[in-house]
Amino acid sequence: MGKEAALHYNIEWHFNPLSAPHFGGIWERQIQTIKKGLRQMMDEWRLRKPSPETLVATLIEIEFILNSRPLTHIPVSNDEEEILIPFHFLVGRSGSDVPPLALTTSSIDNNQYKQVQHHSKIFWDKWKREYLPTLLKRDKWTNKVEPLKEDNMVVLTDDNATPGKWLKGRID
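Below you can see the structure in the form of structure tokens.
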């Protein structure tokens, strides 16, 4: 966006200092968890370099995973409530049930597809371990926290679940 357009719409840009990403708060923390997941994959890519098509398809799969993540802690009261995810802002609804179009229409072969799934699983496993703790609602330790009880909703982790699927459960 040019200076004139910014002035016309009364937009004022504020940037974090280059050497102080902690000024960004929560979004910088998210970027840090994403970078950790990507570094894990890059270590493996050094051993066996992926083709450009495989790399692009893997990054699209990771984009899908990130856009289907919960943005806030999971509500514990109602299983009918939909969890707010980035897809709600991007497409106006939950798009997490639709596979990335590039993977269904791309020209990658079966072997490349398996590589994409393998690399996205590596990212998912690493990133999920980093991201899940950020979903916990934290109260000050001086406040009394009510323990989980019957009929509360919880997030379930399943190592065999499809990357990007956030399973919910109800305590019986």
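In this text, residue positions in the sequence shown follow the UniProt record's numbering: the first is 1, and each later residue adds one.
Ideal placement from N, C-alpha and C gives every residue a C-beta, glycine not left out.
Just so you know, these numbers come straight off a predicted model, no measurement behind them.
Going by CA-CA distance only, name the one from the options that's closest to residue i.
i	options	result
Gly169	Met42, Glu63 and Thr157	Thr157
Asp129	Ile34, His14, Leu7 and Phe23	Before going further, note that residue 129 is Arg rather than Asp in the sequence given. The shortest Cα separation from Arg129 among Ile34, His14, Leu7 and Phe23 belongs to Ile34.
Ala48	Leu90, His119 and Glu150	Ala is not the amino acid found at residue 48; the sequence shown has Arg there. Comparing Cα-Cα distances from Arg48 to each of Leu90, His119 and Glu150, the minimum goes to His119.
Leu148	Ile171, Leu135 and Trp45	Ile171
Trp13	Glu28, Lys114 and Glu4	Glu4
Leu38	Ile26, Leu66, Phe87 and Asn16	Leu66
Phe64	Gly2, Trp124, Asp159 and Asn16	Trp124
Val56	Gln112, Asp159 and Val155	Gln112
Val154	Glu44, Leu135 and Phe89	Leu135
Phe15	Gly25, Tyr9, Leu7 and His8	Gly25
Residue i: buried (16+ other C-beta within 10 angstroms of its C-beta) or exposed?
i	result
Glu61	buried
Ile11	exposed
Trp127	buried
Met41	buried
Ile31	exposed
Tyr131	buried
Residue i and residue j look like a contact to me (Cβ under 8 angstroms); what is the Cβ gap, rounded to whole Å?
i	j	result
Thr58	Val116	5 angstroms
Ile108	Glu53	5 angstroms
residue 236	Ser51	Here the chain has residues from 1 to 172 only, and residue 236 is not among them.
Trp166	Ile83	7 angstroms
I'd like to confirm the pairing. Which residues does DSSP put opposite residue i in its beta bridges?
i	result
Met153	Arg170
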